[in-house]
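In UniProt numbering, the protein residues as written are 1 to 232.
Even glycine gets a Cβ: it sits at the ideal position worked out from N, Cα and C.
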Amino acid sequence: MNALQRSRTQPAQVVKLDTMLVEAIMYFEGGGVALNGRLLVWLARKCAEELKIPQEDLPRFTRTGWLRHFQRRHGIRSRRAHGEIDSVDLVAARAEAERLRKVLADYNPSDVFNIDEAVLFYQALARRSLCVRAAPALKQRKARVTMVVGTNATGSELPLLILGTAKRPRWLRDKPDGVDYKGVGKGWMTAAVFSEWLQDLEARMAAEDRRILLLVDNAPSHKVPEEATPHA
């Protein structure tokens, strides 16, 4: 194929490919499914295969080049599908930080622990989507596991606790060392689970004759009587 033939055939192929991709984006929008640039590039390659576009006529499907030009041609933008805005009281935050520094001064760094929960929505959709129109209202799947992670100020880690919905998931038989699992109703932390976890930590610290400072956030599930943990 010479250069003249390529100049005549390539535009028609590109138009057909573009049409398929725009229709695909609108289809995903209608179904409330997020479509990011990486997925669209993959889809473009698949559509090109279906159209049997010769290798020498294929565009270079890149996110920095081809994708940008494709979006400009069709007015497609990347929009945030969902999210929230939080406000922070900086004055209160600074005051609390100063109070915390005074408390920490009475403890050895190895006895200062911090824990937090990290939630993994493992079936969640992307937060941004390529759209022809306004961003679609995406229905987020709520399947989740909660990971309770903790460490002290010198970097020593507490065993990882995973909270899931299944009582005994299949992977539990081969779980790695340093990982604990507990099945709870909706896969999130509860006051009962936290109290049980805290008692286990209390027993461990008592066996080592250690009195520690445990830093947690003010989630309702973290509120337990102080007398229940004399070593914390």
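For this session: Assuming R63 and V41 form a contact by the criterion Cβ under 8 Å, report the distance between their Cβ atoms to the nearest whole angstrom.
Result: Within the sequence shown, numbered from 1, the residue matching residue 63 stands at position 63. Within the sequence shown, numbered from 1, the residue matching residue 41 stands at position 41. The pair is a contact, with the Cβ atoms about 6 Å apart (cut-off 8 Å).
For this session: Using the Cα positions of V148 and L172, report the straight-line distance between them to the nearest angstrom.
Result: In the sequence shown, counting from the first residue as 1, residue 148 sits at position 148. In the sequence shown, counting from the first residue as 1, residue 172 sits at position 172. Spanning the two alpha carbons is a distance of roughly 16 Å.
For this session: Going by CA-CA distance only, name the one from M189, V224, A95 and D177 that's closest to Q199.
Result: One-based indexing of the sequence shown puts residue 199 at position 199. Per the Cα distances, V224.
Exercise. With which residues is L163 paired in a DSSP beta bridge?
Worked result: Counting from one through the sequence shown, the residue named residue 163 turns up at place 163. Its beta-bridge partners are T146 and K182.
For this session: Inspect the beta-carbon positions of L201 and Y107 and report whether they are closer than 7 Å.
Result: The residue you call residue 201 lines up with position 201 of the sequence shown. The residue you call residue 107 lines up with position 107 of the sequence shown. Inclusion of L201 and Y107 in the CB contact set at 7 Å is not warranted, their separation being larger than that value.
Exercise. Between G187 and G164, is the Cβ-Cβ spacing less than 7 Å?
Worked result: For the purposes of this step, residue 187 is taken as the residue at position 187 of the sequence shown. For the purposes of this step, residue 164 is taken as the residue at position 164 of the sequence shown. In this structure, G164 lies closer than 7 Å to G187 by Cβ.
Exercise. Got a sec, what are the start and stop residues for the alpha helix (DSSP H) F194 sits in?
Worked result: Numbered from 1 along the sequence shown, position 194 holds the residue referred to as residue 194. Taken as a continuous stretch (DSSP letters only), the alpha helix (DSSP H) holding F194 covers A191 to A207.
Exercise. Roughly how many angstroms separate the alpha carbons of A118 and A153, rounded to a whole number?
Worked result: Position 118 of the sequence shown, counted from the first residue, corresponds to residue 118. Position 153 of the sequence shown, counted from the first residue, corresponds to residue 153. Near 19 Å, if we compare the C-alpha coordinates of A153 and A118.
For this session: Tell me where the alpha helix (DSSP H) around F113 begins and ends.
Result: Numbered from its first residue, the sequence shown carries residue 113 at position 113. It is not in any alpha helix (DSSP H) - F113 instead sits in the beta strand (DSSP E) that spans V112 to L120.
Problem set entry | Contact check, F61 vs A44, beta carbons under 7 Å | The sequence position of residue 61 within the sequence shown is 61, counting from 1. The sequence position of residue 44 within the sequence shown is 44, counting from 1. A contact, by the Cβ cut-off of 7 Å.
For this session: Identify, in the order they occur along the chain, each residue of the same chain with its Cβ nearer than 6 Å to the Cβ of I53, setting aside the five sequence neighbours on each side.
Result: The residue you call residue 53 lines up with position 53 of the sequence shown. Cβ within range, chain order: Q13.
Exercise. By how many angstroms is the C-alpha of A97 removed from the C-alpha of P109?
Worked result: As a working mapping, residue 109 is identified with position 109 in the sequence shown. As a working mapping, residue 97 is identified with position 97 in the sequence shown. Roughly 16 Å between the two C-alpha positions.
Exercise. How many angstroms separate the CA atom of V15 from the CA atom of E56?
Worked result: One-based indexing of the sequence shown puts residue 15 at position 15. One-based indexing of the sequence shown puts residue 56 at position 56. Those two C-alpha atoms are separated by around 17 Å.
For this session: Look at the Cβ atom of H74, then the Cβ atom of V22, and state whether they are nearer than 7 Å.
Result: For the purposes of this step, residue 74 is taken as the residue at position 74 of the sequence shown. For the purposes of this step, residue 22 is taken as the residue at position 22 of the sequence shown. Using a Cβ distance threshold of 7 Å, H74 and V22 count as a contacting pair.
Exercise. A24 to Q71, Cα distance in whole Å?
Worked result: What you label residue 24 is simply residue 24 of the sequence shown in a count that begins at 1. What you label residue 71 is simply residue 71 of the sequence shown in a count that begins at 1. Approximately 14 Å between the Cα atoms of the pair.
Exercise. Which value, in whole angstroms, describes the spacing of the CA atoms of G183 and R144?
Worked result: Position 183 of the sequence shown, counted from the start, is the residue given in the question as residue 183. Position 144 of the sequence shown, counted from the start, is the residue given in the question as residue 144. Roughly 12 Å between the two C-alpha positions.
Problem set entry | Where L43 sits in the DSSP three-state scheme | Here residue 43 is taken as the residue at index 43 of the sequence shown, counted from 1. L43 carries a helical assignment under DSSP once its states are collapsed to helix, strand and coil.
Exercise. Helix, strand or coil: which one does DSSP assign to T19?
Worked result: The residue given as residue 19 occupies position 19 in the sequence shown. Here T19 sits in helix by DSSP.
Problem set entry | Rounded C-alpha distance that separates L17 from F121 | On the sequence shown, position 17 is the one that residue 17 refers to. On the sequence shown, position 121 is the one that residue 121 refers to. Their backbone Cα atoms lie some 34 Å apart in a straight line.
Exercise. Going along the chain, which residues of its own chain have a beta-carbon closer than 6 Å to the beta-carbon of T151, five neighbours each way excluded?
Worked result: The sequence position of residue 151 within the sequence shown is 151, counting from 1. Closer than 6 Å at Cβ, skipping near neighbours: E157.
Exercise. Nearest-angstrom Cα distance between T19 and D180?
Worked result: Locating residue 19 in the sequence shown gives position 19, counting from the first residue. Locating residue 180 in the sequence shown gives position 180, counting from the first residue. Taking the straight line from one Cα to the other gives about 51 Å.
For this session: Taking L214 as part of the beta strand (DSSP E), name the residues at either end of that continuous run.
Result: The residue you call residue 214 lines up with position 214 of the sequence shown. Here the beta strand (DSSP E) through L214 covers L213 to L215.
For this session: For L67, count neighbouring Cβ atoms within 10 angstroms of its own Cβ and tell me buried if that reaches 16, exposed if not.
Result: Walking along the sequence shown from the start, residue 67 turns up at place 67. When all chains shown are included, L67 counts as buried.
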